[in-house]
Structure formats: C-alpha cells, structure tokens
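Student: Chains as they are written, first to last, in the numbering used here: chain X, 1 to 331; chain C, 1001 to 1331.
There are 2 protein chains.
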Amino acid sequence: MADVAKRAGVTKQTVSNVVRGRSVVSPDTRARVEAAIAELGYTPNLVARSLATGTTMTVGFIVPTIVHPFYSEVVEEVETLLEEHSYHLLLATTRGDGERARRHLASLSSRSVDALLVAGDFDLSDGVPLLDDHGLPVVLCAWEIDPPDTLPVVTVDYEQAGYLAGRHLRELGHRRLTVIADLPAHRIRVSGARRAFAEDGLDVPADSVFPAPRATPESGYEAAMLALSATGHPTAVFASTDAIALGVIEAVRRHGLRVPEDVSVVGIDDIPQASHAHPPLTTVALPKRQMAQEATGLLLRGIAESRPVPPSLTLITPEILVRESSAPPIG
Amino acid sequence: MADVAKRAGVTKQTVSNVVRGRSVVSPDTRARVEAAIAELGYTPNLVARSLATGTTMTVGFIVPTIVHPFYSEVVEEVETLLEEHSYHLLLATTRGDGERARRHLASLSSRSVDALLVAGDFDLSDGVPLLDDHGLPVVLCAWEIDPPDTLPVVTVDYEQAGYLAGRHLRELGHRRLTVIADLPAHRIRVSGARRAFAEDGLDVPADSVFPAPRATPESGYEAAMLALSATGHPTAVFASTDAIALGVIEAVRRHGLRVPEDVSVVGIDDIPQASHAHPPLTTVALPKRQMAQEATGLLLRGIAESRPVPPSLTLITPEILVRESSAPPIG
DNA sequence: ATGAAAGCGCTAACAT
DNA sequence: ATGTTAGCGCTTTCAT
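1) Are the CB atoms of X:V356 and X:L321 nearer to each other than 8 Å?
2) Quick one: what does DSSP say C:A1236 is sitting in, helix, strand or coil?
3) Hey, how far is the Cα of C:P1069 from the Cα of C:A1215?
4) Do we get a CB-CB distance below 8 Å when we pair C:A1295 with the residues of chain X?
5) For a contact defined as C-beta to C-beta under 7 Å, what are the partners of C:S1208 on chain X?
6) How would you call X:E171, buried or exposed, if buried means at least 16 neighbouring beta carbons within 10 angstroms?
7) Whole angstroms are fine: how far does the CA of C:D1146 sit from the CA of C:V1078?
8) Are any of the Cβ atoms in chain X nearer than 8 Å to that of C:Q1273?
9) Do you know how far the Cα of X:P272 is from the Cα of X:T282?
10) Going along chain C, which residues have a C-beta under 8 Å from X:V67?
11) Where does X:H134 sit, in a helix, a strand or coil, going by DSSP?
12) Taking contact to mean 3 or more Cβ pairs, one atom from each stretch, closer than 8 Å, check whether the stretch 187 to 194 of chain X and the stretch 215 to 231 of chain X are in contact.
13) What is the residue span of the alpha helix (DSSP H) that X:V179 lies within?
14) By the 10 Å Cβ neighbour count, where 16 or more other Cβ atoms means buried, how is X:V24 classified, buried or exposed?
15) Anything in chain X within Cβ reach of C:L1051, meaning under 7 Å, just list it in chain order.
16) In chain order, what residues of the same chain lie with their CB nearer than 7 Å to the CB of X:P260, ignoring the 5 residues before and after it?
17) Identify the contact partners of C:T964 in chain X, using a Cβ-Cβ distance below 8 Å as the criterion.
18) Using alpha carbons as the reference points, say which of X:Y158, X:G247, X:T296 and X:E39 lies closest to X:P318.
19) Return the CA-CA distance between X:T94 and X:V63, expressed in angstroms with no decimal places.
20) Out of X:G247, X:L108, X:I37 and X:A239, state which residue places its alpha-carbon closest to the alpha-carbon of C:S1086.
21) Does the Cβ of X:R30 have 16 or more other Cβ atoms within 10 Å, making it buried, or fewer, making it exposed?
22) So the alpha helix (DSSP H) X:I303 belongs to, where does it begin and stop?
23) Name, please, each residue of chain X whose Cβ falls closer than 8 Å to the Cβ of C:S1110.
24) Would you say X:T150 reaches chain C, if we count a Cβ-Cβ gap shorter than 8 Å as a contact?
25) Could you name the residues of chain X that C:T1093 contacts, counting a contact when the two beta carbons are closer than 8 Å?
26) Is X:L82 near X:V59, with beta carbons less than 8 Å apart?
27) DSSP state of C:I1268, grouped into three classes?
28) Is it the case that the Cβ atoms of C:D1242 and C:D1269 are separated by a distance below 8 Å?
29) To be precise: take each residue of the stretch 1217 to 1229 of chain C, compare its Cβ to all Cβ atoms of chain X, and keep it if any distance is under 7 Å. Which residues remain?
30) Determine the DSSP secondary structure at C:L1172, reduced to helix, strand or coil.
31) Kindly identify the DSSP beta-bridge partner or partners of X:H104.
32) Compare the beta carbon distance of C:V1004 and C:V1047 with 8 Å and say whether it is the shorter of the two.
33) If you check the beta carbons only, do C:I1188 and C:G1166 fall under 8 Å apart?
34) At a Cβ threshold of 8 Å, is C:L1130 touching chain X?
35) Residues in its own chain within less than 6 Å of C:H1186 by CB, not counting five upstream and five downstream?
36) Excluding five sequence neighbours on each side, which residues of the same chain lie with their C-beta closer than 6 Å to the C-beta of C:V1204?
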C-alpha cells in the first residue's frame, strides 16, 4: 500500500480512500492511484483491515451436519443472504459430537467472526451458557428442544408441524394413530400430533408410539415392522421425519398392505425424495429458507447495531403438503 | 494481553508464549500467567495474530452447491479433515453463477485464507487463469471437464466410472446401450460407457444417446420417455447420474416394463436414495471422501511448504455397486 | 527464562 | 481534498 501511495505521489490514506470507494477523492488523484494499483497488482490485505476496524465481515455458522437436505438448504440460503451483504460464511459442523461443538464455539468466538449463527440443539444445548456473553451477536435457529429465553432464536413451530400432520389424518377420518418417531429428539412433534387427536377427544396411547433410534429409512423400517406386528393394522402412521416415513412405507408394503388404501403415512420435512416416493409422500414442509432469512436478518441487524441481539422467539409456521400417501380409512 | 502481562508481572511476550503453549516458560510464571488469564477472561485476538504471522488458519472452499449429496459429503469431509489440523473452512457456493464464482475468487484470495480449494468446473473453467498466480496454494477437485495442467487437481476418473457402468452391462450380456445423460457436462462419462462396448466391437450410435437437460429425476424421466418411444425397447440404459436413473426407472415402469427384467438401469454417484430405490439401483459410487482426503492433503502440504502446490493430476478410481436394477437381457 | 523494541498493513482522527 | 500521527493486538527479532 505504501508502494502504491509513493508511486501515485499520495499517502496511504488516500490510497485507502480510493480502495474503499470513498467519495472524498478527486477524480484526478483517484485515476492516478488506480493506475498505480493496477501497475503494481496491489491487493488490500483484509486481515490488516480487520485488525484496524475490528470487523471481519465473516459470520460463523455452527450446524450439526450438512449431509442432510434440511441443513444443507438452510446453510446454502444463509450463505446466499450473507454474500448479498458482503459477508463470508465460516462453516463448522458438529456431527453429533458435543466436544467438537464446544471447540468450535470457543474458536469462532475469538474475534474471528462478527456474529454467530447456531443451528440444531442436541449437541449444544448444555453449551448455551457459553454463548451468552462474549459480546458477539448470536442467533439460534432450528432449535427444536427447549429454546433458551436468554438468546434470540428463530425456529420452526415443530409442535404445529406435528399438529398439522395429526389434524390432516383426523380430517381424513382416522380415529387411531400410530407414531414412529426419533425420540426424545422429536417429542415436540409427537405432542403436536397428539394435540390434534385430543381436540376431538381421541387419545394416542403410549403403546402406539414407537421409537426409531435414528431418523433414517432403515430405522423407520425396523420400528414400523415392530409397530405393525404389535398394533394389528394401524390405519394411520405419523412419522416424525420423511426419512422415517420412507422406511415405514417399506414396512407397510412388506406386510402386504397398501399405502394409502390400507395405511396412511405422513411425514415431516419435505425432503427431495418425498415427492418421488411411491406413493408421493404427504408431509409437513419445514420452512427452511424462511427460517434462514429471519435468522440472518436478525444477525445482520445485530452486527449493524454492534451489540448482542436481544432475546426473542420467532416461530415459523410450517405447511402441510398433501400428496398421495394419505387417504381416508377403509370402512 | 497487556493487562494480563501486567497482572502477572511479566511482559506480553511471556503471555504470548504461555498462550501458544511454548515450552520456554518456567512452570512458576506459567501458572501466574494462566491465573491472570482466567481472572481477566482474556481471549487472544486471532486477527491480530494473523496480521503478525501472515497466516489465518482458514481454507476457502468454492463449490457449486451443497444441496446435493455429492458436494455436501465432500464439503463435510473436507471440513472434518481441516478441523483435525486446526484449520477453519470458509465456504462459498457458486450456484451455477459464473459471475458469483469470480467474485468469490477475488475476495477469498485477498489474504483472508491460507489456501483455496475449488470444486466443480462448469462455472469457473474460464476463471482458472485467475487462480494461477496469486501465490496462494490452490487445489482443484471434482473437475470433470478439461482439468488444467497448470494446477494440481484431484478428481474422480469419470471416464472410468462410465466404463465400469458400461462393462457391467456388457458382462451381463447386453449388446445395445441407451444413454440418458446431462450433456455436455457428462460427456466423459458417456465416452467411458462407449469404450466398454467398443472393446467388444459394439457401437453406441449417436441416436441412442438422449440428453437430459438437468441432472434431476424429472429431467431423466422426460428424456427416458422420449428414448423409450424412439428406440423400441432398449434392454439397457446407462444414466449419467443416479438422479437421472431414478427418473428413468419411473419412465420404464410407466411404459409397462419391468426393471431389471425388461430393462436394466445403471447410474453414477451412489446418492443415498440409490439403495432405497425400487429396485435398489446399480450404480458407480464416486469416491467422494477419498477425493476430499487427497485434495485436503495436497492443500495442507502446500500450506506447510508455503508455496503453490505444483501441478499434478490425481484420478481417484470409482467402484461399481451392483444392486438389483441390472440383470441379463431376456432371450 | 524473560524483557524491550520493532513492525505486520491497514484505518481513524485530526490537522492542513 | 490530502497529509500526519497513532494505534488495532499480536509475533518476531534481539538483548539480557
């Protein structure tokens, strides 16, 4: 930079003004400086700028994984929004490892990012206190269980998601519900579905709720096989995720039953496969992009006001997509 | 830092040594310094460190998208490997936008990262010259078309992937091949498949190659519907990606034909859906994690030696997974 | 084993 | 509109 200044016959300060597009430079000198920059192939050192300004134009995003359509879409949307505001994305995945999550937290908050977005809870819920007061704007998102009231959180109304699934099944006329869920992670979704039935005075007993150890088709298949043997023939199955639902459909078919004629299946998420399943899966779509937008908005506002974002709870309402895996019960 | 030093009765230098775990500090003073750090809640400013050392412990990764199992797995693997070496990941997606790709390139190379990994080619192939000499270690990966010989590139042997698919079909006894491919992007895969047939003196004529405008099930479905009408009944279809293959299976079924009895279908990629398809899809698995490892290894070596990585071409050999969508032709 | 000084490349505040 | 003077918080010599 000093070289550029000397070559253009000005001071570093003027070069700085030119580089940052400040309008205090006379067209004449601006041209000279730009020429010098081009001739010398000068590129500003962003690290030095960061040290001087105290801002890195970078936002950290801690996320459980990106190998899942839900999170990858959220991350991609966040990245796009950030880039529109000239911010970079520092991505850190936790992969179900609480230790790793905490390491990331520590390293990202050492002034290397201007703000922090944290998605998913399971690995970090006990780490929330760590977030509380290192003076960095922090926003939580996709926080399904126990959103803390000490921080801003933007998340999906997961209870409502379960409720919408349950109500849809109720409206079709189903009076009994079998639940296959990744518990305890998705307990909120289950209580939503329960509420839909309870509204009509119908109970979903504990023995018709079957845990799927993981939210995968395999796991859903196993759990559904168990459920089908145990409960006779359920007419309606609520799966806490689409991945589980796909496994459920398998299991139903393996039992010689048809979807949706014999058994209706409803999931949550709206992963890409859902619409290509056989039959296309009725599901409650999680509003990922909208959530990403709200969260990023809060974060950017926090940065602009250069103080922690005040606590708040934003619940984004999901939407049910009725496809072909659900129908009225027979008889 | 000065505060910590004063409180511990030492100089900044000693504090620095303690923080970085250098072994030149006497246990006594180390304890005093650590106490001071704890009491003051001191956290080192990484930006300042970066300015002083000229290193940011951050690697930039430019990738077309992460909303695709292939890329998301590559990114996640890279992130994991980087974190093992205490490096951070700055993620930038191009989303099929060459302009955006070039912007990322420019901003990431302004000393804010220690090295750059670039995946995918379609948006950036004409931007490669930009990468050539800003003195940053750069590695290209997942570079399917025309890998430049001026840079190190770690990629899949896509020709071999096509060849494996073709040879598998040949070994089953198929003598004619219908190809549904996202062209021209996947032309290398197609020529691999062609080679397999050519080895046995069999030709894959141009009129049995059908372009799918995008690598999606919908696009594959459309193209396959066309192909099925045009070619009578092909016995074997090679799809250039699994997503396309899933659409092909749909189309075959829509035509009242069975997979694999009437028509064998083989894809490339091994996306998660492939094994859950009906029937489970025979496919050539792209070695994402291995590719990520090689690429990250080169990059880290480049950083360690603090000079550009010399040009090289590393081709990772894919592997075919024979499942149930392929069988010998009838008669 | 510890201290003192210089400087990484930039921006900020003031002066001209 | 441009120049001058201080830092930003750390690491790196080089002394001691």
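All C-beta atoms, glycine included, are put in the ideal place defined by N, C-alpha and C.
Tutor: By the coordinates alone:
1) Nothing can be reported for residue 356 of chain X: it is not among the residues displayed for chain X, which extend from 1 to 331.
2) Working through the second sequence from its first residue, we reach residue 1236 of chain C at position 236. Three-state result, C:A1236: strand.
3) Along the second sequence, one-based indexing puts residue 1069 of chain C at 69. Along the second sequence, one-based indexing puts residue 1215 of chain C at 215. The C-alpha of C:P1069 lies about 13 Å from the C-alpha of C:A1215.
4) Working through the second sequence from its first residue, we reach residue 1295 of chain C at position 295. Not one chain X Cβ lies under 8 Å of C:A1295.
5) Numbered from 1 along the second sequence, position 208 holds the residue referred to as residue 1208 of chain C. Correct list: empty, because the minimum Cβ distance to chain X is about 26 Å.
6) Sequence index remark: in the first sequence, residue 171 of chain X carries index 171 (1-based). A residue is called buried once 16 or more other Cβ atoms fall within 10 Å of its Cβ, and X:E171, having fewer, is exposed.
7) As a working note, residue 1078 of chain C is residue 78 in the second sequence. As a working note, residue 1146 of chain C is residue 146 in the second sequence. The straight-line gap separating the alpha-carbon atoms of C:V1078 and C:D1146 is approximately 23 Å.
8) As a working note, residue 1273 of chain C is residue 273 in the second sequence. Interface residue, yes.
9) Here residue 282 of chain X refers to the residue found at position 282 of the first sequence. Here residue 272 of chain X refers to the residue found at position 272 of the first sequence. Their Cα atoms are separated by approximately 12 Å.
10) What you label residue 67 of chain X is simply residue 67 of the first sequence in a count that begins at 1. P1069, S1072, E1073 and E1076, listed in chain order.
11) Residue 134 of chain X sits at position 134 when you count from the first residue of the first sequence. Of the three classes helix, strand and coil, the one that applies to X:H134 here is coil, per DSSP.
12) no
13) Within the first sequence, numbered from 1, the residue matching residue 179 of chain X stands at position 179. Unbroken run through X:V179 is the beta strand (DSSP E), T178 to A181; no alpha helix (DSSP H).
14) By one-based count along the first sequence, residue 24 of chain X stands at place 24. By the neighbour-count criterion, in which a residue is buried when 16 or more other Cβ atoms sit within 10 angstroms of its Cβ, X:V24 is exposed.
15) In the second sequence, residue 1051 of chain C corresponds to position 51, counting from 1. Those are V47, A48 and L51, listed as they occur along chain X.
16) Translated into the one-based positions of the first sequence, residue 260 of chain X becomes position 260. The answer, listed in chain order, is P279, E324, S325, S326 and A327.
17) The first residue shown for chain C is 1001 and the last is 1331, placing residue 964 of chain C beyond what the model contains.
18) To locate residue 318 of chain X, count along the first sequence from 1; it is residue 318. Among X:Y158, X:G247, X:T296 and X:E39, the Cα nearest to that of X:P318 belongs to X:Y158.
19) In the first sequence, counting from the first residue as 1, residue 94 of chain X sits at position 94. In the first sequence, counting from the first residue as 1, residue 63 of chain X sits at position 63. Between X:T94 and X:V63, the alpha-carbon positions lie close to 6 Å from each other.
20) On the second sequence, residue 1086 of chain C is found 86 positions in, with the first residue counted as 1. The option with the nearest alpha carbon to C:S1086 is X:L108.
21) By 1-based counting over the first sequence, the position of residue 30 of chain X is 30. With 16 or more other CB atoms across the displayed protein chains lying within 10 angstroms of its CB, X:R30 is buried.
22) By one-based count along the first sequence, residue 303 of chain X stands at place 303. K288 to A304 is the extent of the alpha helix (DSSP H) around X:I303.
23) Here residue 1110 of chain C refers to the residue found at position 110 of the second sequence. Ordered by position in chain X, the residues that pass the 8 Å Cβ test against C:S1110 are T43, P44, N45 and L46.
24) If you number the first sequence from 1, residue 150 of chain X lands on position 150. X:T150 has a beta carbon lying at 8 Å or more from every beta carbon in chain C.
25) Counting from 1 along the second sequence, the entry for residue 1093 of chain C is found at position 93. Simply E76, E79 and T80.
26) Position 82 of the first sequence holds residue 82 of chain X. Position 59 of the first sequence holds residue 59 of chain X. In this structure, X:V59 lies closer than 8 Å to X:L82 by Cβ.
27) By one-based count along the second sequence, residue 1268 of chain C stands at place 268. Three-state result, C:I1268: strand.
28) As a working mapping, residue 1242 of chain C is identified with position 242 in the second sequence. As a working mapping, residue 1269 of chain C is identified with position 269 in the second sequence. In contact: C:D1242 and C:D1269 (Cβ atoms closer than 8 Å).
29) P1217
30) As a position in the second sequence, residue 1172 of chain C is number 172, starting the count at 1. Correct three-state label for C:L1172: helix.
31) As a working mapping, residue 104 of chain X is identified with position 104 in the first sequence. By DSSP's assignment, X:H104 forms no beta bridge with any residue.
32) For this step, residue 1004 of chain C is matched to residue 4 along the second sequence. For this step, residue 1047 of chain C is matched to residue 47 along the second sequence. No, they are not a contact pair.
33) In the second sequence, counting from the first residue as 1, residue 1188 of chain C sits at position 188. In the second sequence, counting from the first residue as 1, residue 1166 of chain C sits at position 166. C:G1166 is positioned such that its CB atom lies no closer than 8 Å to that of C:I1188.
34) As a working note, residue 1130 of chain C is residue 130 in the second sequence. No, no contact with chain X.
35) Stepping through the second sequence from its first residue, residue 1186 of chain C is reached at position 186. Counting only Cβ-Cβ distances below 6 Å, and skipping sequence neighbours, we find S1240.
36) Within the second sequence, numbered from 1, the residue matching residue 1204 of chain C stands at position 204. Taken in chain order, the residues that qualify are L1177, R1194 and F1197.
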